[in-house]
Amino acid sequence: MRMAEKISLLIFLFVLSSRITVVSSQLCDGTGSFGEGSPYAINREKILSSLAANVKMPNGFYNGSKGDRPDSPDRVYAMAMCIDGSDPEVCSECLRVATNLLIHNCNNESEGFIWFPYKALCFARFSNRSFVGTHDTHLLYSEHSIGLSRLTEFEENFSNLTVGLIAEISSGKKASTKVEALTKFQLHALMLCTLDLNSTECSACLRESVGAYHKDEYLIRRQGGVIAYPSCFFRWDSYPFSGGFNRSSNKTSTVMFVAVVVPIVAICCILFALVVILVIRRRRSNPPPDFANVPKNSLQYDLKTIEAATCTFSKRNMLGEGGFGEVFKGSLQDGSQIAVKRLSKESAQGVQEFKNETSLVAKLQHRNLVGVLGFCMEGEEKILIYEFVPNKSLDQFLFGILHITLRLTL
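Note that the sequence shown covers residues -25 to -1, 1 to 385 in mature numbering (1 follows the signal peptide of the UniProt record, and there is no 0).
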């Protein structure tokens, strides 16, 4: 596999492993139901759709109802909140998603709730009965991750963690997070209640959460898990999970930037450096044509000078042509006459061959040989400049028209 393909695969695997999984704690009560298009259904959709706009930070809490009369069976009670410290925009976005999930998943149930960890933890609930001020544990949602090998160590730390969290909640704190260091990982935990509960009701709800943990064989001694009631929420895991430990959008953005963007930029820089190295190596293996071997008395002319000398390679100045190209007569500014051999652009002769020819011809300096004055190589043009010989070539002397006197002597 090529290096570029390997690096691309690493980028893909890194991004894939960096995705944040959002798991909502949601439950619908199937004991009561309503018909589609009924007054209760209409009231439920109206109040749930308005929750995101009604929850304002920093308070981050709203409860209300929708219906004709307090005792009407069509009246819907609803509540929504975001965890303390949430960014207002993140809170609104979280609640919009959460309420849409409730409407969709609790299709015709008369009661339901959701704890949704979207950047910042948010909560939404609806019911056909009033529930404000009293902790409610008649609906339980639980979830767990992998088991543990060091059970004794985990149990001791888990117990210390939950006792400390409930103590902080009892003292009036809205939400509490703690971290306990274990041998192989750190145990992170979050506890909070809905803001309509006082500290006594909240503590009672959270103690029931811990009790539910010890009663459930699928939860006990698990590295991570969630216990969610309509009135309180408890989560623990081996990493600082979203919604509990990264509550503001700025913090979340910073973490995501450091964890995802920076490594990708670094890998892109490495790829760029590899490309530069490959280009440099290729150039070194195929160096540009140099004329170090050309004698110093041979000059490199620029194309403009040659064009001026030959009237831009005028046909009137052409001395001859062949498979290699054309030869022109030219006149430099100092009045000296030159012969210009212009290699055809369609010629198979390459740059290296041209360089070799220039070096070879320039070395052959003799009084009986036509001397090379220089060369020109710009763009696709490859040109040799020779001394101009007015007497043409040797064949003209050997096979040309003989003078009458010479004929008579033969």
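Idealized CB from N, CA, C, for every residue including glycine.
Since the model is a prediction, treat every value here as computed from it, not as a measurement.
In this structure, G305 lies near I313, with their beta-carbon atoms less than 8 angstroms apart. The DSSP assignment places 161 to 168, 200 to 203 and 207 to 212 as complete runs of the beta strand (DSSP E) inside the region 151 to 230, in order along the chain (cut-off: 3 residues). Here the alpha carbons of F101 and G42 stand approximately 13 angstroms from one another. Within the DSSP bridge table, the entry for L274 names G349 as partners.
By the C-beta criterion, the region 117 to 137 is judged to be in contact with the region 192 to 203, since at least 3 inter-stretch pairs fall below 8 angstroms.
Between A99 and F88, the C-beta gap is smaller than 8 angstroms, which places the two residues in contact.
The C-alpha of H110 is placed about 17 angstroms away from the C-alpha of C3.
Here E11 carries a coil assignment [DSSP, helix/strand/coil]. Under the DSSP assignment, C57 falls in the beta strand (DSSP E) whose first and last residues are V51 to C57. Distances from the CA of L70 to each of E355, S47 and A95 were compared; the closest alpha carbon is that of A95.
Residues K153, E155, L162, A164 and W211 of the same chain have their beta carbon placed closer than 8 angstroms to that of L136, with the five preceding and five following residues left out of the count. Where S145 is concerned, the enclosing alpha helix (DSSP H) starts and stops at L126 to S145.
Across the structure, A73 and P63 are spaced so that their CA atoms are roughly 15 angstroms apart. In the three-state reduction of the DSSP assignment, K41 falls in the strand class.
In summary, G12 is exposed, with fewer than 16 beta-carbon neighbours lying within 10 Å of its beta-carbon over all protein chains present.
Residue nearest to G108 within the set N38, L253, F303 and V30 is N38 (criterion: CA-CA distance).
Within the DSSP bridge table, the entry for R104 names no partner. In this structure, I58 keeps its C-beta atom at 8 angstroms or more from the C-beta atom of S117.
Between L359 and L274, the C-beta spacing is not below 8 angstroms. Here S85 is actually not in contact with F209; their C-beta atoms are around 26 angstroms apart, not less than 8 angstroms. Between R50 and N18, the alpha-carbon positions lie close to 7 angstroms from each other. A distance of 8 angstroms or more separates the beta carbons of C244 and C207. Partner residues in the beta bridge of E118, as assigned by DSSP, are V201.
Judged by DSSP in its simplified three-state form, F247 adopts helix.
Membership of V65 in the alpha helix (DSSP H) is indicated by the continuous run P63 to N80.
Straight through space, the alpha carbons of M54 and S61 are spaced by roughly 17 angstroms. When C-alpha distances from S146 are compared across L170, L167, S174 and F160, the shortest belongs to S174. Under the three-state reduction of DSSP, S311 is assigned to coil, being neither helix nor strand.
Counting only the Cα atoms, K21 lies some 19 angstroms from D46. For the 8 angstroms CB-CB criterion, L26 and I78 do not form a contact.
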